[in-house]
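There are 2 protein chains.
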Amino acid sequence: MKKNCIIAQSGGPTPAINASLAGIIKGIIDSEGFDKVFGSLHGVTGVFNEDFLDLTALAEKDDRFLERLSLSPAMYLGSCRFKLQDPAKDDSDFKKLFTIFHKMNIGAFFYIGGNDSMDTAAKLAEYGKKIGSDILFAGVPKTIDNDLVLTDHTPGYGSAAKYIASSLLEMAHDTYIYGIPCVTIVEIMGRDAGWLTAAAALARNSYNETPQLIYLPEVTFDPDRFIDDVKEKLKTHNNLIVAVSEGIRNSEGEYIASTKAASDKFGHAQLSGAGKVLEHFVKEKVGVKCRSVELNILQRCASHLASKTDLDEAFKLGYEAVGHIVNGETGFMTAIKRISNTPYTYNIEAVDVSKVANAAKSVPVEWITPEGNDVTEELINYIRPLIIGEVAHEYKDGLPSYIDIKHLV
Amino acid sequence: MKKNCIIAQSGGPTPAINASLAGIIKGIIDSEGFDKVFGSLHGVTGVFNEDFLDLTALAEKDDRFLERLSLSPAMYLGSCRFKLQDPAKDDSDFKKLFTIFHKMNIGAFFYIGGNDSMDTAAKLAEYGKKIGSDILFAGVPKTIDNDLVLTDHTPGYGSAAKYIASSLLEMAHDTYIYGIPCVTIVEIMGRDAGWLTAAAALARNSYNETPQLIYLPEVTFDPDRFIDDVKEKLKTHNNLIVAVSEGIRNSEGEYIASTKAASDKFGHAQLSGAGKVLEHFVKEKVGVKCRSVELNILQRCASHLASKTDLDEAFKLGYEAVGHIVNGETGFMTAIKRISNTPYTYNIEAVDVSKVANAAKSVPVEWITPEGNDVTEELINYIRPLIIGEVAHEYKDGLPSYIDIKHLV
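Line by line, the protein sequences are chains A and B.
My numbering numbers the first residue of the first sequence as 1 and each following residue consecutively.
My numbering numbers the first residue of the second sequence as 410 and each following residue consecutively.
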């Protein structure tokens, strides 16, 4: 009798995480090695609650299920924020999970997510080995933040980068219409890593020099130098766009967005984000028209502008995880190894998931200009291939037609 | 010898205003009634400064100029914020403009814009008649706010509505992933009219009930009733999305976003917008997870998600303005008269531009629910046809390829 398997998703939404889910389902169907594929609702908590969807049935009922799933934003199976205890200290959760796994005749568990999900996959694989279980555990990477180690980049990042660069280009057209000096601050996600903010540089083209200034969290943000940078750029540009990470910090390591850092320097009491703080800086210290825009959650859910490269890779990372499982491997995460930028080529390999868990990858400082206010050509060349290609969405009543998520509501 | 004509654009950006520009240029070429078409840079101020682009040359040089122009965001000719004096009080600006018009052998002037631009077109037409000039003046409507009178709706509105509804739908997927109560406030443009905020309702479909609450500026906003509304909806919905106009006001007529109204009620000092204020209300008075998202300037420049219906109408409103000019008419604005919703049919007609100038059209109160926290089916049926259809953008290096605007930089 064939075994069943479970797939779960976790962490924050991306436009690519459902493509990985579709890739795993397709891989399992093609492998003919398993009976049923269960989707665990709301991450690993769905296993505790025995809250499952029968994904095999959904795929069999609707020929276009996997295709439509791949193109839909956020996680079809829902998410959770849950970190398993160290089993050496308390293995009660592990016992519960393995009891349910055995009851359901589970042969493999796939977790799609970021650091925390990889931590869960690593701990389950290790515990499984310890108790002599034959259940195999795989991680499939996902995060718009692009901060996982041992993989060239992460699914979700390319689509978010495409959305950010396209939005910045459209905002550039918007800012060019008036002939008067104007500064637009665009706050971009990424509290500890500047990968998303760096993608703003891809908006530059033959006629558009914006954003002229880019500030990543990897280098210290000095408000006085920022004001000098803005004044200097305004000498030669009427329309200035500044891309700034939500996570920029001052020399004391305080977030610029925090009440304390902002009020120490400029006496503001209630501020919302780094962009808003910088808007106030410019208004007070430069005295030109200034506005701030926070790209906000659309960065991680704007599937209508997903990158085809990103979705294809997300699917493959899911699909190939099944291959490694069928080979009897456990405790791995599928990862991308880039071979070249032009033409863009890569391999998919399996890496030790325990080495991915709880580590984080920042933008290398050599990819940030010495002045700390822009990124280098190397960084742009690294990002560019990841935003290439568009996907053909169906539209219904004027809106992108996504997969029904009523089971989550 | 054939005369020349001038086209100018003004007000705020939209994804459709360049389609109207393309429509006028095409109309003039097809009419064979004029020699050259000049684009005045930065609205009517380009005439004062004699700062023109030769649009005929651009269209002749590049077969695809008009098509690419139609698909590009914000005004290709730039904008201005400039209101002509009442000529009865001071006609010096009029004298300057007509001197330049005569010097350039101008036969017609087309102004694409909102209320202020229609005011300019009306005053120029009236002054022209008074001095016995044979120059003809046409207005072509444009505003995402949809607040012009004498036209069923305005170009730019349909694309903004499509962007808003699509973004709300994608945000709905984003909010559904967690099983815990969460309120997302989405602040939408429209200081005095709720048309844009109402478009959020189009995100609802067979599985998505969000946004469950919608607040327009046409009705008084009561913070206590808002909190009651949120508590009531949370009884039956885990994930609440609230669409709110930036322009909501309390019973004293003060903007909720203003420091005074917010601090009177809740003691906040420095707040940015209505969404942020409502976020604080919910956190303090309801005590659930809450975040706010400001859609911001992307509402008016996200051409990658433009409505085909909107761009087609914008083009026709420009094209047909030429027909009325060729008929010798002046002092008019082209307008849309809707014939039916299903199937969606309409006529284009010319209306008195002086009656459009300085008037504004709000959402009728009968299209808002008696509770003041949602819109009616009639309003949804009014908006739906305007967001239908997608346009095929070219992409270059992963980004939408728009027309070069180097001349504005």
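Cβ coordinates follow ideal geometry from the N, Cα and C atoms, glycine included.
- For C591(B), none of the residues of chain A pass the 9 Å Cβ criterion, the least Cβ distance being about 11 Å.
- The three-state reading of DSSP puts L625(B) in coil, since its state is none of H, G, I, E or B.
- For the alpha helix (DSSP H) assignment, the uninterrupted runs of no fewer than 4 residues enclosed by the segment 563 to 633 of chain B are, from N- to C-terminal side, 566 to 585 and 604 to 607.
- Only A483, M484, G487 and S488 from the segment 483 to 515 of chain B bring a Cβ to less than 7 Å from some Cβ of chain A.
- Closer than 7 Å at the C-beta level to chain B, one finds these residues of the segment 365 to 388 of chain A: R384, I387 and I388.
- The beta carbon of K764(B) sits closer than 8 Å to the beta carbons of V558 and L559 from its chain, once the five residues preceding and following it are set aside; these are given in chain order.
- In summary, the residues of the segment 32 to 47 of chain A whose CB is separated from some CB of chain B by less than 7 Å are H42, in the order they occur in the chain.
- DSSP places C290(A) within a strand segment (E or B) once states are collapsed to three.
- Proximity of the segment 187 to 204 of chain A to the segment 237 to 255 of chain A meets the contact definition, three or more beta-carbon pairs being nearer than 8 Å.
- When DSSP reads this structure, K361(A) sits in no beta bridge, so it has no partner.
- Residues of the same chain with a CB within less than 8 Å of the CB of T718(B), apart from the 5 flanking positions on each side, are G567, Y753, P794, L795, I796, I797 and G798 in chain order.
- Per DSSP, D502(B) lies in no beta strand (DSSP E); the unbroken alpha helix (DSSP H) holding it starts and ends at S501 to K512.
- The C-alpha of D86(A) is placed about 42 Å away from the C-alpha of P370(A).
- Apart from sequence neighbours up to five positions away, the residues of its chain that approach A715(B) with a beta-carbon distance below 6 Å are P424, S568 and V800, ordered along the chain.
- Cβ-Cβ distances below 7 Å link A574(B) to A608, A609, L611, A612 and I796 in the same chain, with the five nearest sequence neighbours on each side left out; the list follows chain order.
- Residues of the segment 570 to 587 of chain B with a C-beta less than 8 Å from any C-beta of chain A: K571, A574, S575, S576, L578, E579, M580, H582, D583, Y585, I586 and Y587, listed in chain order.
- The beta carbon of E729(B) lies closer than 6 Å to those of T743 and I757 in the same chain, with the five residues before and after it left out.
- The Cβ atoms of L649(B) and P564(B) do not sit closer than 9 Å to each other.
- At least one CB of chain B lies nearer than 9 Å to the CB of H304(A).
- Of all alpha-carbon atoms in A431(B), V456(B) and C489(B), the one lying nearest the alpha-carbon of F510(B) is that of V456(B).
- The beta carbon of G398(A) sits closer than 9 Å to some beta carbon of chain B.
- Between N647(B) and chain A, the shortest Cβ-Cβ separation is below 9 Å.
- For the pair R709(B) and K505(B), the Cα-to-Cα distance works out to about 33 Å.
- Put simply, the segment 102 to 120 of chain A does not touch the segment 285 to 305 of chain A. Fewer than three CB pairs are less than 8 Å apart.
- Beyond the five residues adjoining it in sequence on each side, L464(B) comes within less than 6 Å, by CB distance, of I434, V446 and G448 in the same chain, given in chain order.
- Taking a beta-carbon distance threshold of 9 Å, I597(B) does not count as an interface residue toward chain A.
- Within chain B, the C-beta atoms nearer than 7 Å to that of I405(A) come from H582, Y585 and Y616, in chain order.
- With contacts defined as CB atoms closer than 9 Å, T120(A) and G113(A) qualify as a contacting pair.
- Checking the DSSP bridge columns, you'll see M742(B) partnered with G548(B) and V760(B).
- As a beta-bridge residue in DSSP terms, V375(A) pairs with I368(A).
- Nearest Cα to V353(A) within the set E32(A), N49(A), S31(A) and S117(A): S117(A).
- Contact of C710(B) with chain A by beta-carbon distance below 7 Å involves E170, M171, H173 and D174.
- DSSP places Q299(A) in the uninterrupted alpha helix (DSSP H) bounded by L298 to C301.
- Interface with chain A (9 Å Cβ-Cβ cutoff): N705(B) is included.
- Membership of S40(A) in the beta strand (DSSP E) is indicated by the continuous run F34 to S40.
- Assignment of Y402(A) by DSSP, reduced to helix, strand and coil, places it in the coil class.
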